[in-house]
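Notes follow the structure.
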Amino acid sequence: MAEHKSSMNVLQVGDAVFRSMFVNHSAVMYIVDLSDFSIIDANQAALDFYGYDRKTMLTKRIPDLNTTPEDEIRTEIQKAIKEGRAFYIFKHRLANGAIRDVEIYANPVTVGDLELSFSIVHDITKRKKAETALKESNEELDAFVQTVAHDLRTPVTPIIGYAEILREKYKEQLDEQGLSYLAEIEKAGEEMLALMENLLSLAKAGDLNRPDKCVSTDEVAAGVIKNLEADIFSAGVLLQTTSLPSVRVPKTFLIQIFDNLIGNAVRYAANSGGLIEVGGEQTGKQIRFYVRDHGPGIPEQERKHIFEVFYRGTNKGEVKGSGVGLSIVYKIARNCGGRAWVEETHGGGCTFWVEIEDVAHF
């Protein structure tokens with residue numbers, strides 16, 4: 001009998017604590033009957049946010065607040081359950097007609113025969129506006145970069161061409177210094193052209209049009225390695241590859257990823273006779289690719305800057321580069337629902353990782 005009373009007291013205290021937290025909490029909270037989406041309880045923060053008195057609020061159903069059709073709400077909830085996430089993003093209408101972007105965290109609760117949902121609502125309107133503004137700003141910047149790169153590339157090409165013609169046609173009339181000047185013009189022109197191409201690639205890295213079918217990453221990597229054969233031979237390095245997962249990502253994006261990462265490993269990081277490893281793995285909803293070298297590595301304080309545009313580390317030596325390649329890799333990874341990062345290789349060197357969202361979850 002004493003144990004029963006003790007259990008009852010614990011339940012009563014627990015219920016009182018929950019009611020107090022629910023009623024007095026500053027976060028917007030309500031409880032929904034999942035059978036018909038009716039709101040059966042709401043705290044004061046919810047009344048203040050939506051602008052209804054309690055009596056009116058408890059006559060509302062979720063579709064009365066949500067601007068999304070009811071069947072689409074149910075579809076989104078089922079999708080969230082399938083994906084294992086406990087939140088949804090919708091647009092809700094307030095009593096005064098204003099629309100707010102909301103992020104709803106919902107937890108299903110069974111009480112007797114009732115299937116309920118305990119929901120916490122966050123107003124993310126400002127965040128969504130900031131994200132939209134940032135997206136528009138990035139699109140404008142990409143368009144500007146494409147325009148500038150294209151316009152600068154147009155006059156650079158004939159400069160290189162005329163320098164080559166002068167060298168071939170007038171090499172007998174020019175002394176060694178004159179030929180040296182022409183060689184410098186050609187070299188500067190080629191570097192400028194390469195920079196323009198890299199800037200165009202960086203701008204286009206945001207244009208993600210996923211192909212209908214998976215792309216063979218093994219074939220892409222093999223093609224990139226073949227194109228780098230001369231550099232690989234010259235560096236005296238060994239390249240070891242494992243099977244790579246296929247992904248539904250534009251082939252041009254994959255070429256950019258592997259060309260930049262493998263090319264960098266060969267040019268910057270590999271010691272003569274050193275090993276470069278290329279591989280991939282699938283972890284949950286993510287597919288990861290890596291390029292691992294055993295070179296001098298990147299100082300820890302520089303790693304956080306390594307994906308920034310035009311950044312070149314202190315270990316660049318005499319190797320020429322624009323400092324754009326890793327920025328392209330990073331942008332592609334982000335636009336494919338993933339990320340890119342670098343880790344220290346055990347024993348020395350660097351391992352670059354690129355994570356892309358699995359095709360099944362696109």
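Anchor point for the sequence shown: position 56 equals 56 in the numbering used here, and the numbering is continuous, going up by one each time. Beta carbons are placed, not taken as given, at the ideal position from N, Cα and C, and that holds for glycine.
By the CB criterion at 7 Å, Tyr290 and Trp353 fall inside the cutoff. Here Cys214 is exposed. Its C-beta has fewer than 16 other C-beta atoms within 10 Å.
By the CB criterion at 7 Å, Val278 and Ile255 fall outside the cutoff. Around Asp36, the same chain offers Arg61 as residues with beta carbons nearer than 7 Å, after the five sequence neighbours per side are excluded. C-alpha of Leu47 to C-alpha of Ile40: approximately 13 Å in a straight line. For Leu239, the enclosing beta strand (DSSP E) stretches over residues Leu238 to Thr241.
When secondary structure is reduced to three states using DSSP, Asn66 falls in the strand class. Burial state of Met196 is buried, judged by a 10 Å Cβ sphere holding 16 or more other Cβ atoms. Residue burial is scored here from C-beta neighbours: Gly295 has at least 16 other C-beta atoms within 10 angstroms and is therefore classed as buried. Taking a 10 Å sphere around the C-beta of Asn66, we find 16 or more other C-beta atoms and assign the residue as buried. If only uninterrupted alpha helix (DSSP H) runs of at least 4 residues are considered, those enclosed by the segment 258-342 are 300-303 and 325-335. Leu275 is a Cβ neighbour of Leu238, given a cutoff of 7 Å.
The beta carbon of Glu115 is closer than 6 Å to those of Leu34 in its chain, skipping five residues each way along the sequence. In this structure, Val121 places its C-beta atom within 7 Å of the C-beta atom of Val102. DSSP, read as helix, strand or coil, puts Asn107 in strand.
The segment 221-228 and the segment 261-269 touch, with three or more beta-carbon pairs separated by less than 8 Å.
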